[in-house]
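K.L.:
As given, the protein sequences belong to chains A and B, one line each in that order.
Just so you know, we're using the working numbering here: the first sequence kicks off at 1269 and counts up by one.
Just so you know, we're using the working numbering here: the second sequence kicks off at 25 and counts up by one.
Structure in structure tokens, see below.
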Amino acid sequence: MQHDDVIWDIIGNKQFCSFKVKTKSQNFCRNEYNITGLCNRSSCPLANSQYATIREEKGQCFLYMKVIERAAFPAKMWEKVKLSKNYEKALEQIDESLIYWPRFIRHKCKQRFTKITQYLIRMRKLVLKRQRKLVPLSRKVEKREKRKEEKALIAAQLDNAIEKELLERLKQGTYGDIYNFPIHAFDRALEQQDEESESDEEEEEEEEEEEDDEDVGRREFVVDEEVEESDLSDFEDMNKLKTSSDEEEQDEEDEESSEEEEEEEMEVETQTKASKSKGKSPANGSVARKKRAYVEIEYEQEAEPTTKSRAT
Amino acid sequence: MDITEVPVSQDITGKKKKKNKKPKKKSVNQEGNGEGSGVLKTEQKMEKSEPAGAAAGAAFPPTFSVSEIKNKQRRHLMFMKLKQEKRKQKMQLKKKKKKEREALGDKAPPKEVPKTIENQRVYDETTVDPEDEEVAFDEGTDEFSAYFNGLTNPKVLITTSDRPRGRTVRFCEQLATVIPNAHVYYRRGLALKRVVPQCISRNFTYLLVINEDRKVPNGMVLCHLPDGPTAHFKVSSVKLRKEMKRRGKDPTEHSPEVILNNFTTRLGHSIGRLFAALFPQDPQFVGRQVATFHNQRDFIFFRFHRYIFKNEKKVGIQELGPRFTLKLRSLQKGTFDSKYGEYEWVLKRHDMDSCRRKFQL
């Protein structure tokens, strides 16, 4: 015999029901035939011998009914009715099958059916929209790539590459006349100076007279030198110019080779100055200024080697 | 017996070079102290276990290696010593070589160039020769010929994947300032296949889609519009403008110059043209801005700088704009069509990543 009250008394409140899920505010029923999903006296499929549900299978809705006459045959307990795909017709079908059934079950069945159709419609819509494809990333590969990228970045030396490219473009003249660097003249001057300073190192020891002659030709420089010699004491700060470093070495060589009397050193000074003047062919103001710097340094450099020689 | 035997066996079994010093020393020691052999042996054993004290007098049986010491600290100490010795030997060798080189002066053999990955790169047969006629002909008639002949001006549409997050949106905005004549549109769940014909009808030349994953841009689809190739890149290391140190002011509206570095192969060449066609043909030098796409080992680094020439030997650059790196994943012939498109090139990890010295671009 089906004693619904007794069953509910046991499973509903006092003892254990395996379908019951308890939460803070509510109890849910996990039984698949439950119509509302809550654990209630009227919604429990175990505690009601006359019960009906709507269930959905692969897009098709079915009405399941249970009556007390079949309670003894568990295999045939649930009667399955296929509902039409048309919403209104299906509702009529439900009404027809559940005629004379309690109001609660009829109402809840229709509600459940409505919900199910709604979500089926949404599913069909979503399939038509764009699907997001998930591509699995391999952690190892990603790590490797990250490391490769770092190494490539270091190897690229981006700043240098960009600067080089820009300078090349400037040289090739893609910028036209925007930038007014007198490229060719300056380069030529630099090259000349390099060549002449090298040749002068070789020639100085041998051909001092010729240099004197050339000095005679270039009066401007000679005059400047005389002025500078008198004013050398004033220019003590100009030592720090880098350009003098090469000439310092040349000076020392020259001075060591020649004898170490002051007069001769002065001569050497003039000669080296002359050589410098030869090197700086364009008579610009900047060149004269630079020469002034060289001169002072030569003078001061003079003092050091002489002291050294005297010591030895 | 033991004393005399051990040196002989050492000479025969002098396998490990690092042990050559020590066995020889040991033989000297033993021959000197012929009588106290037993004592010596125990001493040796003690010395083996006291590496800190044993400097020159350390003696080991011939088949000994550092890894056999069970004590971790001592093993570590011995290993460190070994390393120091090796380093010393290396430095001595270097010094010797340097002296020799200086002594020889001009006659010294030329300095050896160190091997780099770029040096050792496997020669790619599709490397473009600058004077290759076939390539020139191809480029004269491909999809970019219209641009390179000055017929069309680039017009770029920048958009994202669905529901972009803040970082991606800002990245798109910054990209729009970098690329002249670029428009950012919010993607509202539209399918790309539908977007493409609309763009074409509105005379866009480029479609740029930034794909986002986990709040960070990670992919880029660059589609040349009339019917041009579509390139799909992986985007990484995105740095927005405010994250950059020592950056300059915002980029102005002037069209920047473009620098494309290291695109050597045929594939690289076509990708290079793809990038070049993003920017207008005639850059405005007044703006002094330059956008660089530098390819190194298949990674394309994008930078945006402002330059100034101090004199003709020196230029100063200051980084503006966003920076990111790209890696090409696939190149497709027509416009975007992932299922039925004809792929010109696809990154196949297993084939292409196996050799360290082989690069595609």
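Don't be surprised by glycine CBs; every beta carbon is placed ideally from N, CA and C.
For clarity, every value in this text was computed on a predicted model and none was experimentally measured.
Quick one, which of B:272, B:216, B:120 has its alpha-carbon nearest residue 235 of chain B's?
P.N.:
Within the second sequence, the letter at position 211 stands for residue 235 of chain B. Considering only alpha carbons, the answer is B:216.
K.L.:
To the nearest angstrom, how far is it from the Cα of residue 1447 of chain A to the Cα of residue 333 of chain B?
P.N.:
Numbered from 1 along the first sequence, position 179 holds the residue referred to as residue 1447 of chain A. Numbered from 1 along the second sequence, position 309 holds the residue referred to as residue 333 of chain B. Approximately 8 Å, taken between the alpha carbons.
K.L.:
Give me, in chain order, the residues of the same chain whose beta-carbon lies closer than 7 Å to that of residue 1366 of chain A; leave out the 5 immediate sequence neighbours on both sides.
P.N.:
The residue labelled residue 1366 of chain A in the question sits at position 98 within the first sequence. Excluding sequence neighbours, residue 1366 of chain A sits near 1320, 1373, 1374, 1377.
K.L.:
Please check if any C-beta of chain A sits within less than 8 Å of the C-beta of residue 219 of chain B.
P.N.:
Counting from 1 along the second sequence, the entry for residue 219 of chain B is found at position 195. Not an interface residue.
K.L.:
By the 10 Å Cβ neighbour count, where 16 or more other Cβ atoms means buried, how is residue 379 of chain B classified, buried or exposed?
P.N.:
Here the question's residue 379 of chain B lines up with position 355 in the second sequence. Burial call: exposed.
K.L.:
Which residue comes first and which comes last in the beta strand (DSSP E) that contains residue 332 of chain B?
P.N.:
For the purposes of this step, residue 332 of chain B is identified with residue 308 of the second sequence, where counting begins at 1. First-last of the beta strand (DSSP E) with residue 332 of chain B: 323 to 335.
K.L.:
If we ignore side chains and look at the alpha-carbon of each, how far apart do residue 1386 of chain A and residue 1426 of chain A end up?
P.N.:
Counting from 1 along the first sequence, the entry for residue 1386 of chain A is found at position 118. Counting from 1 along the first sequence, the entry for residue 1426 of chain A is found at position 158. So the two alpha carbons sit approximately 58 Å from each other.
K.L.:
Alpha carbon to alpha carbon, what distance is there between residue 306 of chain B and residue 123 of chain B?
P.N.:
The sequence position of residue 123 of chain B within the second sequence is 99, counting from 1. The sequence position of residue 306 of chain B within the second sequence is 282, counting from 1. So the two alpha carbons sit approximately 55 Å from each other.
K.L.:
Can you check DSSP and say which residues form a bridge with residue 241 of chain B?
P.N.:
Residue 241 of chain B sits at position 217 when you count from the first residue of the second sequence. Answer is B:236.
K.L.:
Go through its chain and collect everything with a Cβ distance to residue 301 of chain B's Cβ below 8 Å, but skip five positions before and after it.
P.N.:
As a working note, residue 301 of chain B is residue 277 in the second sequence. Around residue 301 of chain B: 168, 171, 172, 178, 229, 230, 248.
K.L.:
Our contact map puts residue 275 of chain B next to residue 328 of chain B with C-beta atoms below 8 Å; I'd like the distance itself, whole angstroms only.
P.N.:
Here residue 275 of chain B is taken as the residue at index 251 of the second sequence, counted from 1. Here residue 328 of chain B is taken as the residue at index 304 of the second sequence, counted from 1. Yes, residue 275 of chain B and residue 328 of chain B are in contact; Cβ-Cβ is about 7 Å, under 8 Å.
K.L.:
Using Cβ-Cβ distances below 7 Å, what residues of the region 333 to 346 of chain B are close to chain A?
P.N.:
Listed by position, the residues of the region 333 to 346 of chain B near chain A (Cβ gap below 7 Å) are 333, 335, 336, 339, 341.
K.L.:
Would you call the CB atoms of residue 255 of chain B and residue 295 of chain B closer than 8 Å?
P.N.:
As a working note, residue 255 of chain B is residue 231 in the second sequence. As a working note, residue 295 of chain B is residue 271 in the second sequence. Closer than 8 Å, so yes.
K.L.:
How about residue 1398 of chain A: is its C-beta nearer than 8 Å to some C-beta of chain E?
P.N.:
Within the model displayed, chain E is absent; protein chains A and B are what it includes.
K.L.:
Count the other CB atoms within 10 Å of the CB of residue 1422 of chain A; is the residue buried (16 or more) or exposed (fewer)?
P.N.:
Residue 1422 of chain A sits at position 154 when you count from the first residue of the first sequence. Exposed.
K.L.:
Shorter than 8 Å from the beta carbon of residue 1462 of chain A to some beta carbon of chain B?
P.N.:
Indexing the first sequence from 1 puts residue 1462 of chain A at position 194. Not closer than 8 Å to any Cβ of chain B, the Cβ of residue 1462 of chain A fails to qualify, so no.
K.L.:
Is the Cβ of residue 1427 of chain A closer than 8 Å to any Cβ of chain B?
P.N.:
Mapped onto the first sequence, residue 1427 of chain A falls at position 159. Interface residue, yes.
K.L.:
Using the C-alpha atoms, what's the distance from residue 90 of chain B back to residue 39 of chain B?
P.N.:
Position 15 of the second sequence, counted from the first residue, corresponds to residue 39 of chain B. Position 66 of the second sequence, counted from the first residue, corresponds to residue 90 of chain B. At residue 39 of chain B, the pLDDT of 44 sits below 50, so the modelled position is not reliable and the matter cannot be decided from this model.
K.L.:
Give me the chain B residues within the contact set of residue 1416 of chain A, using Cβ-Cβ distance strictly less than 8 Å, ordered along the chain.
P.N.:
Stepping through the first sequence from its first residue, residue 1416 of chain A is reached at position 148. Result: 321, 323.
K.L.:
Could you give the DSSP three-state label for residue 1387 of chain A: helix, strand or coil?
P.N.:
Residue numbering aside, residue 1387 of chain A sits at position 119 when the first sequence is read from its first letter. Of the three classes helix, strand and coil, the one that applies to residue 1387 of chain A here is helix, per DSSP.
K.L.:
Rounded to whole angstroms, how far is the Cβ of residue 1284 of chain A from the Cβ of residue 1298 of chain A, which I believe are closer than 8 Å?
P.N.:
In the first sequence, counting from the first residue as 1, residue 1284 of chain A sits at position 16. In the first sequence, counting from the first residue as 1, residue 1298 of chain A sits at position 30. The Cβ separation is near 13 Å, so there is no contact.
K.L.:
Based on the DSSP secondary-structure assignment, which residues constitute the bridge partners of residue 182 of chain B?
P.N.:
Translated into the one-based positions of the second sequence, residue 182 of chain B becomes position 158. B:208, B:232.
K.L.:
From residue 385 of chain B to residue 1394 of chain A, what does the alpha carbon distance come to, in whole angstroms?
P.N.:
Residue mapping note: residue 385 of chain B aligns to position 361 of the second sequence, counting from 1. Residue mapping note: residue 1394 of chain A aligns to position 126 of the first sequence, counting from 1. Approximately 40 Å, taken between the alpha carbons.
K.L.:
In three-state DSSP terms, what is residue 151 of chain B?
P.N.:
For this step, residue 151 of chain B is matched to residue 127 along the second sequence. Of the three classes helix, strand and coil, the one that applies to residue 151 of chain B here is strand, per DSSP.
K.L.:
For the region 183 to 192 of chain B against the region 149 to 164 of chain B, do three or more pairs of beta-carbon atoms, one drawn from each stretch, fall closer than 8 Å, so that the two count as touching?
P.N.:
These segments do not touch.
K.L.:
If we cut at 8 Å on Cβ distances, does residue 1447 of chain A have a partner in chain B?
P.N.:
In the first sequence, counting from the first residue as 1, residue 1447 of chain A sits at position 179. Residue 1447 of chain A counts as touching chain B.
K.L.:
At 3 residues or longer, and completely inside the region 1332 to 1416 of chain A: list those beta strand (DSSP E) runs for me, N to C.
P.N.:
Listed in chain order, the complete beta strand (DSSP E) runs (minimum 3 residues) inside the region 1332 to 1416 of chain A are 1346 to 1350.
K.L.:
Between B:204, B:106, B:153, which lies nearest to residue 292 of chain B when the distance is taken from Cα to Cα?
P.N.:
Mapped onto the second sequence, residue 292 of chain B falls at position 268. Taking only the C-alpha atoms, the option nearest residue 292 of chain B is B:153.
K.L.:
If you measure between the beta carbons of residue 356 of chain B and residue 343 of chain B, is that distance less than 8 Å?
P.N.:
As a first step, residue 356 of chain B is located in the second sequence; it is residue number 332 there, counting from the start. As a first step, residue 343 of chain B is located in the second sequence; it is residue number 319 there, counting from the start. Contact: no.
K.L.:
Which residues of the region 250 to 271 of chain B have a Cβ closer than 9 Å to any Cβ of chain A? Give them in chain order.
P.N.:
Cβ contacts with chain A come from 258, 260, 261.
K.L.:
Given a cut-off of 8 Å, decide if residue 315 of chain B and residue 323 of chain B are closer than it, judged by their beta-carbon atoms.
P.N.:
Numbered from its first residue, the second sequence carries residue 323 of chain B at position 299. Numbered from its first residue, the second sequence carries residue 315 of chain B at position 291. Not a contact, by the Cβ cut-off of 8 Å.
K.L.:
What does DSSP give as the partner residue(s) for residue 192 of chain B in the beta ladder?
P.N.:
Here the question's residue 192 of chain B lines up with position 168 in the second sequence. Answer is none; residue 192 of chain B lacks a bridge partner.
K.L.:
In terms of alpha-carbon separation, which member of B:313, B:226, B:351, B:97 lies closest to residue 372 of chain B?
P.N.:
Taking the second sequence and counting its residues from 1, the one referred to as residue 372 of chain B is at position 348. The option with the nearest alpha carbon to residue 372 of chain B is B:351.
K.L.:
Determine the DSSP secondary structure at residue 129 of chain B, reduced to helix, strand or coil.
P.N.:
For the purposes of this step, residue 129 of chain B is identified with residue 105 of the second sequence, where counting begins at 1. The answer is helix: DSSP assigns residue 129 of chain B an H, G or I state.
K.L.:
Would you please state the rounded distance, in angstroms, between the beta carbons of residue 218 of chain B and residue 185 of chain B? I believe it to be under 8 Å.
P.N.:
On the second sequence, position 194 is the one that residue 218 of chain B refers to. On the second sequence, position 161 is the one that residue 185 of chain B refers to. That belief does not hold up - the Cβ atoms of residue 218 of chain B and residue 185 of chain B are roughly 15 Å apart, past 8 Å.
K.L.:
Buried or exposed: which applies to residue 1276 of chain A, given that a residue is buried once 16 or more other Cβ atoms fall within 10 Å of its Cβ?
P.N.:
For this step, residue 1276 of chain A is matched to residue 8 along the first sequence. Classification of residue 1276 of chain A: buried, given that the 10 Å Cβ count is 16 or more.
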